[in-house]
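In what follows, a structure is listed as C-alpha coordinates, so that the remarks can point back to it.
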Amino acid sequence: MPVASFIQVPRDLSKVKTKVFLGLTKRQLICFGLAAILGLPSYFALRAFAGKNAAMFGMILVMAPCFLFAMYEKDGQPMEKVMANFIRSRFTRPKKRPYKTENYYEALERQAQVNEEVKRIVKGNKQAHGQG
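All you need for this note's numbering is the position in the sequence shown, starting with 1, plus 1.
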(Lines of atoms letter the chains of each structure in order from A and count residues from 1; the text may use other names and numbers.)
(Lines give C-alpha, C1' and ligand atoms only; values in the text may rest on other atoms or scores of the structure.)
Protein backbone atom coordinates (compact mmCIF):
# COMPACT_ATOMS: atom_id res chain seq x y z
CA MET A 1 0.00 0.00 0.00
CA PRO A 2 1.46 3.42 -0.93
CA VAL A 3 2.29 5.79 1.87
CA ALA A 4 1.11 9.37 1.52
CA SER A 5 3.84 11.95 1.78
CA PHE A 6 3.27 15.54 2.71
CA ILE A 7 5.19 18.60 1.63
CA GLN A 8 5.18 21.59 3.94
CA VAL A 9 4.33 24.81 2.14
CA PRO A 10 5.18 28.02 4.00
CA ARG A 11 2.26 30.35 4.61
CA ASP A 12 4.26 33.51 3.96
CA LEU A 13 5.85 33.21 0.53
CA SER A 14 7.92 36.38 1.03
CA LYS A 15 10.16 34.38 3.36
CA VAL A 16 10.99 31.86 0.63
CA LYS A 17 14.39 32.60 -0.91
CA THR A 18 15.52 31.54 -4.36
CA LYS A 19 18.27 28.93 -4.22
CA VAL A 20 20.87 29.30 -6.96
CA PHE A 21 23.40 26.51 -6.50
CA LEU A 22 23.73 23.65 -3.99
CA GLY A 23 20.82 24.99 -1.94
CA LEU A 24 22.52 28.35 -1.37
CA THR A 25 21.23 31.78 -2.23
CA LYS A 26 23.17 34.19 -4.44
CA ARG A 27 24.09 36.23 -1.36
CA GLN A 28 25.49 33.16 0.42
CA LEU A 29 27.48 32.08 -2.64
CA ILE A 30 29.05 35.54 -2.96
CA CYS A 31 29.93 35.73 0.73
CA PHE A 32 31.35 32.20 0.83
CA GLY A 33 33.39 32.89 -2.30
CA LEU A 34 34.74 36.07 -0.73
CA ALA A 35 35.57 34.10 2.43
CA ALA A 36 37.54 31.58 0.36
CA ILE A 37 39.35 34.35 -1.54
CA LEU A 38 40.37 36.02 1.74
CA GLY A 39 40.86 32.93 3.93
CA LEU A 40 42.98 30.60 1.86
CA PRO A 41 45.81 33.06 1.08
CA SER A 42 45.85 34.17 4.71
CA TYR A 43 46.20 30.51 5.79
CA PHE A 44 49.14 29.87 3.45
CA ALA A 45 50.81 33.16 4.41
CA LEU A 46 50.45 32.52 8.16
CA ARG A 47 51.44 28.84 7.94
CA ALA A 48 54.98 29.77 6.93
CA PHE A 49 55.44 31.95 10.05
CA ALA A 50 53.20 30.61 12.80
CA GLY A 51 52.54 26.94 12.10
CA LYS A 52 49.45 25.08 11.01
CA ASN A 53 47.27 25.56 14.11
CA ALA A 54 47.84 29.29 14.40
CA ALA A 55 47.34 29.69 10.64
CA MET A 56 44.05 27.82 10.91
CA PHE A 57 42.80 30.11 13.69
CA GLY A 58 43.94 33.15 11.72
CA MET A 59 42.04 31.90 8.69
CA ILE A 60 38.92 31.39 10.81
CA LEU A 61 39.15 34.96 12.11
CA VAL A 62 39.48 36.31 8.57
CA MET A 63 36.60 34.21 7.22
CA ALA A 64 34.17 34.62 10.14
CA PRO A 65 32.80 38.06 9.13
CA CYS A 66 32.03 36.76 5.64
CA PHE A 67 30.11 33.81 7.09
CA LEU A 68 28.30 36.16 9.44
CA PHE A 69 27.20 38.41 6.56
CA ALA A 70 26.09 35.33 4.58
CA MET A 71 24.03 33.58 7.24
CA TYR A 72 22.87 36.03 9.93
CA GLU A 73 19.43 37.60 9.65
CA LYS A 74 17.35 39.31 12.28
CA ASP A 75 13.69 40.07 11.59
CA GLY A 76 14.25 39.38 7.90
CA GLN A 77 17.06 41.94 7.60
CA PRO A 78 20.62 41.00 6.59
CA MET A 79 23.61 41.77 8.77
CA GLU A 80 24.59 45.08 7.13
CA LYS A 81 21.11 46.52 7.68
CA VAL A 82 21.09 45.36 11.30
CA MET A 83 24.51 47.01 11.81
CA ALA A 84 23.40 50.23 10.07
CA ASN A 85 20.31 50.43 12.28
CA PHE A 86 22.43 49.81 15.39
CA ILE A 87 24.96 52.50 14.46
CA ARG A 88 22.19 54.96 13.58
CA SER A 89 20.35 54.38 16.87
CA ARG A 90 23.44 54.42 19.09
CA PHE A 91 25.68 57.06 17.57
CA THR A 92 23.98 59.35 15.07
CA ARG A 93 20.62 60.02 16.71
CA PRO A 94 20.23 61.85 20.02
CA LYS A 95 20.07 59.69 23.13
CA LYS A 96 16.94 61.27 24.52
CA ARG A 97 14.07 61.95 22.18
CA PRO A 98 11.25 63.45 24.22
CA TYR A 99 7.73 63.01 22.99
CA LYS A 100 6.38 66.39 21.94
CA THR A 101 2.80 67.07 20.97
CA GLU A 102 1.21 70.06 19.33
CA ASN A 103 -1.94 71.26 21.11
CA TYR A 104 -4.15 72.44 18.27
CA TYR A 105 -6.51 74.34 20.58
CA GLU A 106 -3.63 76.46 21.88
CA ALA A 107 -2.53 77.07 18.29
CA LEU A 108 -6.05 78.22 17.40
CA GLU A 109 -6.14 80.53 20.43
CA ARG A 110 -2.78 82.06 19.48
CA GLN A 111 -4.01 82.60 15.92
CA ALA A 112 -7.18 84.27 17.23
CA GLN A 113 -5.08 86.58 19.44
CA VAL A 114 -2.87 87.51 16.47
CA ASN A 115 -5.95 88.23 14.36
CA GLU A 116 -7.41 90.47 17.10
CA GLU A 117 -4.11 92.35 17.42
CA VAL A 118 -3.95 92.89 13.66
CA LYS A 119 -7.54 94.22 13.66
CA ARG A 120 -6.69 96.57 16.54
CA ILE A 121 -3.59 97.88 14.74
CA VAL A 122 -5.48 98.40 11.47
CA LYS A 123 -8.35 100.13 13.31
CA GLY A 124 -5.85 102.36 15.20
CA ASN A 125 -4.10 103.38 11.96
CA LYS A 126 -7.42 104.30 10.31
CA GLN A 127 -8.43 106.48 13.28
CA ALA A 128 -5.01 108.17 13.44
CA HIS A 129 -5.21 109.14 9.76
CA GLY A 130 -8.77 110.44 10.04
CA GLN A 131 -10.33 107.59 8.16
CA GLY A 132 -13.20 106.20 9.89
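Glycine is no exception: its CB is placed at the ideal position from the N, C-alpha and C atoms.
Per DSSP, residue i is paired with what?
{"i": "Val-128", "result": "Before going on, a small fix: residue 128 reads as Gln here, not Val. Note: Gln-128 sits in no beta bridge, so no partner."}
{"i": "Lys-75", "result": "Gln-78"}
{"i": "Leu-69", "result": "Paired residue(s): none; Leu-69 is not in a bridge."}
Just the C-alpha distance for residue i and residue j, rounded to the nearest angstrom, thanks.
{"i": "Val-83", "j": "Phe-50", "result": "37 Å"}
{"i": "Asn-126", "j": "Val-115", "result": "17 Å"}
{"i": "Gln-78", "j": "Asn-54", "result": "35 Å"}
{"i": "Val-123", "j": "Glu-117", "result": "10 Å"}
{"i": "Gly-59", "j": "Pro-42", "result": "11 Å"}
{"i": "Ile-8", "j": "Arg-94", "result": "47 Å"}
{"i": "Lys-120", "j": "Glu-110", "result": "15 Å"}
Mind checking residue i: buried by the 16 CB within 10 Å criterion, or exposed?
{"i": "Met-72", "result": "exposed"}
{"i": "Gln-112", "result": "exposed"}
{"i": "Gln-128", "result": "exposed"}
{"i": "Gln-29", "result": "buried"}
Exercise. Taking three-plus beta-carbon pairs below 8 Å as touching, is the segment 25-44 in contact with the segment 83-96?
Worked result: no
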